[in-house]
Every structure is written in structure tokens, then in C-alpha cells.
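Visitor: Take the sequence shown: its letters are residues 42 to 475, numbered as in our numbering.
This is the structure, below, for whatever I ask next.
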Amino acid sequence: MAQIEAFSAVEVIVSKRDKKILSDLQIDWVIDAYTRGVVADEQMSALLMAILLNGMNSHEISRWTDAMINSGERMNWSMLDRPTVDKHSTGGVGDKITLPLAPLVAACGGAVPQLSGRGLGHTGGTLDKLESIPGWRASLSNKEMLAVLQSCGAVICAAGAGLAPADKKLYALRDVTATVEAIPLIASSIMSKKIAEGTSALVLDVKTGIGAFMPDPERARELAHTMVGLGKRAGVKTRALVTAMDVPLGLTAGNALEVRESVEVLAGAGPADIVELTLILAREMLDAAGVKGKDPEIALRDGSAMDVWRAMIKAQGGDPDATLPRANEQAVFVAAESGTMLSMDAMKVGIATWRLGAGRSRQGETVQAGAGIEIHCKPGEKIVQGAPIFTLHTDTPERFGRAIEILSDAVVIGDLPTGGKVERLPLILDRIVD
Ligand code: URA
């Protein structure tokens, strides 16, 4: 016999359209009914747009998040002998921090159960990066995930179909209905997955600046506060850092290129901004989890973080010694004039990386492991005419033209006023603790 529905989708849409507060029962019903296919995509699209335009109060956001968590399973790591702690970044260009960070925190005494995603649009995805390592497998059963976590202290894998299924449907719908940008929807989407993942502590890296999907620092702060509030209500020790994404992080963007740079960091080298942010986030994670273990700087220096990385890659079928894929074709982009590099637009570098084949424009597309960009000069450095700024990599050279087109106005080279400094966002703009 058909289930009698408690509400109709239209009455829920009307409530939000007319700026009313949705009741707990309306929220529980609409998320459940959408997951069951009773509420149609076009009805949920209208509701999402009403939420984007009219907002939700903190109670509604919290209930919406709970309803998404309750649409699937909730993982439990209470059998582990160390506290669990995870990090989530809202994404940016060249943001490969998860790769060195997860093994580093494990080497210092935390357990890191990291469920990651794939890239869409101009930002890369952690799973796409790791999949450039020959043999490495992103899909693990819950049993396999636990085994890797127990043996290595850290695991990075894909979220299974059972985790927050409502978010999977909603996220795909938001992507095609221009409703990604609503803070209540972003906060509930991220936090439903992190709370369902079962971590006991969480550090959020909320990116801001031109290469972030929240370019305005005030909106990034609001998102950070909303997510920290949701974590606190759910009993997860949550903190957020608002960090700069005006310039790409590090000196590479693209899957295999970013793995190479991450391994350099684990070997005790690597670009200064990547090392600094990795250490800041590692200390924040260990502190949030109450772990008083080894100092992360020592764990990078003494090789213990690298040992965890190698074990973690092997445990998921990867070969940490394999040569990483390299794209078939390279092109060098040189400086048109001499001077100081005054700015580099992270968004344009991200789009160029994507145009070279490192990212996808539709879910399910394959990505080129070797495609991407090496950056030879960053803002604040001097450069002479004809010197390389970028090396572009792709397997499909017909992609160079469109990538070069967007890179041609991605950097500004000029003269600094005497005694002047290049204007950059500080690496850490804000810190929010629950
Ligand atoms: N990442 C998510 O998981 N959800 C969003 O809504 C935005 C970024």
C-alpha cells in the first residue's frame, strides 16, 4: 500500500518562498521524501532556490543537517585506541594539503578517517590526485577502511553510497540549478558528511580569495561560523581557519604534479606555503583531538610522516615507489616583460589546469593524471622578460591554446613603488574555535 505522505512538496516550497521558518517535521519529511524519490527534482530545485534567496535560521540549518545525516549510515570508530580527527577544505587551486597532512597527523598520534571527493570545475579533488599513483584504490568497504586506519593511522578514500545519500542527490541538483552558493546549503552539505563519517574532532579550512568558491572573506567567515556551530551541536570538536586562496598554493596544480609536491613535503622539503599551512593544520588537528604526541615539524624531518604515507598508499594497492605519470606534451609560458610579479590569479590558473585535462566539467568524466601546471615564479619575486612563469602539461596538445588564452592575463608584472610590498591576503585570516 502506498505510504501516506505527511506534507506536500508544494506547501513546503510555499513556506520558504513566503519567508517562513520551516518546521522540524517539514524538514525531516522533505529530505526523506526527496531521497525516496517522492519529491521531484523540479520541486526540490524550487525549494533550494527559495532557501538561497530567503535563508534559514541556525535551528533550521541544524535540523536540515541532521535529516541529511539520518538519510544514511553513521560511522563509528570507538574501537580505535587513538582519537579520530579529520580536516575538510572548501577547496582551492593547488590545495594538496590533505596528502601530506593525513599521514603527518597519524605519525603524531591522531587517527585520520578521511572521506574525500573528486574535483568538479576549477578545483581538484583529493581522490583524483591519489589515483595518479599506479594501483591506488579509492573505493574501500567499511571493513577495509577500518583495517587501513588501524594499521596505518590514516586512511583517505571515497565516501560509500550509504553515507549521507540525501547530500549526494542534493549536491548534484544544486550544481545544475545555480544553488551551490547558499551558506545554509554548503554548511549542511559539508557537515552532514563529516558528522556521519564519525570523526570526534574536525578542523575546517575555509578558503577565501579569488580562487575560492567563497571569494568574499566576510562570507567565508560566516560559513566558518555556521559550520563550527553545526559541529558543536553534534558533539564534534570543531574549529575553522579562514585561509588565503588568492594565489595558488605551492608550485603545482594538477593530479600527479601535486602528488609529487606532496611527497617532497613529506621528505622534509617542498614549497614554504604548503609546509607552513600543513604544519598549522596538523597542530590545530592534534590540539582539537587532545593528542599530545610528536611535534609535526619533527615528524616531517625524521621521516615518520613519510613512513605512514608509504604504508597508507601500499595498504590501498598503490606503489609508493612507482614513477608518477607524466603528460606527453609540455609548453612553456614565459614573461612578456621584466619586473616584479605583482599578482597571480588563482582562479585563472585553476581554469587553465582544468582546460589542460586535469579536471572534469561533468561528473563521471575521466581526468588526465599527468595534466596540469608547474609554477616557476610567484607574486613578490622578480622576473626577467622571456623567463618561464608556467610549464603546462597535457596529453592532448590541442588544449594548450585555450589554457594559454586564460593564463595570458593571469599574472601582472610591473614595478613596485619604492619600499612597497606586493599585496597578498595573509595565509591565515581568521580562526574560529567552538
Ligand atoms: N563541498 C561540499 O561537500 N558541499 C558543498 O555544498 C560545497 C562544497
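The beta carbon of each residue, even a glycine, is placed where N, CA and C say it ideally should be.
When you compare each of SER112, PRO175, CYS198 and ALA147 to SER157 by their alpha carbons, which one comes out closest?
Guide: CYS198
Visitor: Does PHE374 come within less than 8 Å of chain D when only Cβ atoms are used?
Guide: Chain labels in this structure do not include chain D; a single protein chain is all it has.
Visitor: Within the structure, which residues are defined as neighbours of the ligand URA by a Cβ-heavy atom distance below 5 Å, reported in chain order?
Guide: ILE227, SER230 and ILE231
Visitor: With a Cβ-Cβ cutoff of 8 Å, do GLU415 and THR293 count as a contact?
Guide: yes
Visitor: Tell me whether PHE441 sits in a helix, a strand or coil according to DSSP, three-state version.
Guide: helix
Visitor: At the level of alpha carbons, what is the spacing between ASP348 and PRO361?
Guide: Cα to Cα, the separation comes out at about 10 Å.
Visitor: Put THR267 into one of helix, strand or coil per three-state DSSP.
Guide: The answer is helix: DSSP assigns THR267 an H, G or I state.
Visitor: CB-CB under 8 Å to PRO124, same chain, minus the five flanking residues each way: which ones, in chain order?
Guide: GLY151, ALA152, SER241, ALA242, ALA330, GLY331 and VAL332
Visitor: In terms of residues, what are the limits of the beta strand (DSSP E) holding ILE416?
Guide: 413-416
Visitor: What first and last residue would you give for the alpha helix (DSSP H) that runs through ARG342?
Guide: Residue range 337-342 is occupied by the alpha helix (DSSP H) that includes ARG342.
Visitor: Cβ atoms of ASP246 and SER130: under 8 Å apart, would you say?
Guide: Contact flag set, yes.
Visitor: Nearest CA to the CA of THR76: which residue from ALA202, TRP118 and LEU63?
Guide: Of the candidates ALA202, TRP118 and LEU63, the one whose C-alpha sits nearest the C-alpha of THR76 is ALA202.
Visitor: What would DSSP say about ALA281, mapped onto helix, strand or coil?
Guide: DSSP places ALA281 in strand when its eight states are reduced to three.
Visitor: Just to confirm before moving on: does the CB-CB distance between GLY250 and ALA399 stay below 8 Å?
Guide: no
Visitor: In the DSSP output, which residue or residues are listed as bridge partners for SER230?
Guide: Answer is none; SER230 lacks a bridge partner.
Visitor: Mind reading off the beta-carbon distance from ILE62 to ARG104? Whole number of angstroms is fine, and I expect it under 8 Å.
Guide: Going by Cβ atoms, the distance from ILE62 to ARG104 rounds to 10 Å, so no, they are not a contact pair.
Visitor: Distance, Cα to Cα, ILE224 vs MET85?
Guide: 17 Å
Visitor: What residue range is occupied by the uninterrupted beta strand (DSSP E) comprising ILE138?
Guide: From DSSP, ILE138 is part of no beta strand (DSSP E); its letter is neither H nor E.
Visitor: Kindly indicate which three-state DSSP category CYS193 falls into: helix, strand or coil?
Guide: helix
Visitor: By how many angstroms is the C-alpha of THR435 removed from the C-alpha of GLU370?
Guide: 5 Å
Visitor: Could you give the first and the last residue of the continuous beta strand (DSSP E) run that contains VAL453?
Guide: Counting along the chain, the beta strand (DSSP E) containing VAL453 begins and ends at 452-455.
Visitor: Pick out whichever of VAL373, ALA253 and LEU397 has its Cα sitting closest to the Cα of THR437.
Guide: LEU397
Visitor: According to the neighbour-count rule (16 or more other Cβ atoms, all chains shown, within 10 Å of its Cβ), is PRO135 buried or exposed?
Guide: One point to set straight first is that residue 135 is Gly, not Pro, in the sequence displayed. It counts as buried.
Visitor: To the nearest angstrom, report how far apart MET382 and HIS417 are at their CA atoms.
Guide: 11 Å
Visitor: Starting from THR435, follow the beta strand (DSSP E) in both directions and report where the run begins and ends.
Guide: According to the DSSP assignment, THR435 belongs to the beta strand (DSSP E) that extends over 429-435.
Visitor: Would you decide whether MET232 is buried or exposed? Buried here means 16 or more other CB atoms lie within 10 Å of its CB.
Guide: buried
Visitor: Could you tell me which residues DSSP pairs with ILE473 in its beta bridges?
Guide: For ILE473, the beta-bridge partners assigned by DSSP are ALA281.
Visitor: On a CA-only basis, which of ALA372, ILE92 and SER99 is nearest GLU439? Give me that one, please.
Guide: ALA372
Visitor: Would you mind giving the Cβ-Cβ distance between LEU226 and ARG215, rounded to the nearest angstrom? I have them listed as a contact below 8 Å.
Guide: 6 Å
Visitor: Taking LEU94 and VAL71 to be in contact with their CB atoms under 8 Å, please state how far apart those CB atoms are, rounded to whole angstroms.
Guide: The pair is not a contact, with the Cβ atoms about 17 Å apart (cut-off 8 Å).
Visitor: Give the range of the alpha helix (DSSP H) segment to which GLN404 is assigned.
Guide: First-last for GLN404: undefined, no H or E at that position.
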